[in-house]
Amino acid sequence: MAFEMGISQKAYSDIENSKVKINLEILTKISDILEIKPSDICNISHKCGTDDEYEDKYQGLLEYMKKNNISIPKEFL
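To convert, count from 1 in the sequence shown and add 26; that's our numbering.
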């Protein structure tokens, strides 16, 4: 996984052990490698909050982006 992400094993270990906060870039790389949606990763991670809490925030963000004519990559829909 570290090799495919283009980072060191230590850097990936830090991600796995929650020593590094996952940002959108990291989340997207991991989801691309695993061929899943980024939201699938958050659904299994306690760091993303409860499912309902995450879903509300996700839907709110999508609404905001649509209202402000911000393009939404298809992998996030």
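In this text, a Cβ means the ideal position worked out from N, Cα and C, and glycines have one as well.
Proximity below 8 Å, CB of residue i to CB of residue j
{"i": "E30", "j": "I67", "result": "no"}
Alpha-carbon spacing of residue i relative to residue j, whole angstroms
{"i": "Y84", "j": "I56", "result": "18 Å"}
{"i": "I96", "j": "Q35", "result": "35 Å"}
{"i": "E61", "j": "L53", "result": "12 Å"}
{"i": "M91", "j": "P99", "result": "11 Å"}
{"i": "G75", "j": "D82", "result": "Unreliable positioning characterises G75 in this predicted model, as indicated by a pLDDT of 49, which lies under 50. The coordinate reading is nonetheless provided below. Rounded to whole angstroms, G75 to D82 spans 11 Å at the Cα level."}
{"i": "S37", "j": "G86", "result": "It is worth fixing the name first, because residue 37 is Ala in this sequence and not Ser. Rounded to whole angstroms, A37 to G86 spans 32 Å at the Cα level."}
{"i": "S44", "j": "K93", "result": "34 Å"}
{"i": "F102", "j": "E51", "result": "13 Å"}
{"i": "E42", "j": "I48", "result": "10 Å"}
Environment of residue i [buried if 16+ CB atoms lie within 10 Å]
{"i": "P64", "result": "buried"}
{"i": "G32", "result": "exposed"}
Boundaries (first-last residue) of the alpha helix (DSSP H) holding residue i
{"i": "M31", "result": "28–31"}
{"i": "K55", "result": "50–60"}
{"i": "E42", "result": "35–42"}
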